[in-house]
Amino acid sequence: MTNGNKLVRGMLVGAIVGAVVSLLDKKTRDDVITTSKNMSSKIKGYVEDPTVLTNEVRETIDSVKDTVQEVSEDITFINEKVKELKETTPQVMSLIQETKERFIPKRD
694 MTNGNKLVRG MLVGAIVGAV VSLLDKKTRD DVITTSKNMS SKIKGYVEDP TVLTNEVRET
754 IDSVKDTVQE VSEDITFINE KVKELKETTP QVMSLIQETK ERFIPKRD
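Its first residue numbered 694, the sequence shown is counted upward by one per residue in my numbering.
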């Protein structure tokens, strides 16, 4: 057996042992059973009426599109503010320097 096969085999055995050990805990077993039942009923529902899955996927896609659009608008807004700040900063610094020169006497 090559090293690659040993690695995959070891990972598989480790995963199985870990799953078995975790199922020794009653709460974990109950959670696995509950989750399995929920997934099973969902899958049955999708098999009986595939349009439900299609609609859920469409809603998720629309939600992601909306989120991407909002993030894009936020990034555009931030970029505009950064540009304004870059343009304003030299003017403000010049004004501060002029004010400083006017009110603070030069030291010889």
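Cβ atoms here follow ideal geometry from the backbone N, Cα and C, with glycine treated the same way.
Open item on the list: Tell me the rounded alpha-carbon separation between Ile783 and Ile789.
Closed with: Note that residue 783 is Pro in the sequence shown, not Ile. Rounded to the nearest angstrom, the two C-alpha atoms are 10 angstroms apart.
Open item on the list: For the alpha helix (DSSP H) containing Ile797, name the first residue and the last one.
Closed with: Unbroken run through Ile797: none, as it is neither H nor E.
TODO: Helix, strand or coil for Asp718, going by three-state DSSP, please let me know.
DONE: Coil.
Task: 8 angstroms CB neighbourhood of Tyr739 in its chain, flanking five on each side removed - done: Taking Tyr739 as the centre and dropping the five residues before and after it, the same chain places the C-beta of Val745 and Leu746 closer than 8 angstroms to its C-beta, in chain order.
Task: Contact set for Met704: own chain, Cβ-Cβ below 7 angstroms, skip 5 residues either direction - done: Cβ within range, chain order: n/a, list empty.
- [ ] Let me know the secondary structure DSSP gives Asp742 once reduced to three states.
- [x] Look at Asp742 here: in three-state DSSP terms it is coil, with no helix or strand label.
Task: Straight-line Cα distance separating Lys779 from Ala708 - done: When only Cα atoms are considered, Ala708 and Lys779 end up about 55 angstroms apart.
Open item on the list: Measuring straight from C-alpha to C-alpha, what distance separates Thr753 and Gln762?
Closed with: Approximately 14 angstroms, taken between the alpha carbons.
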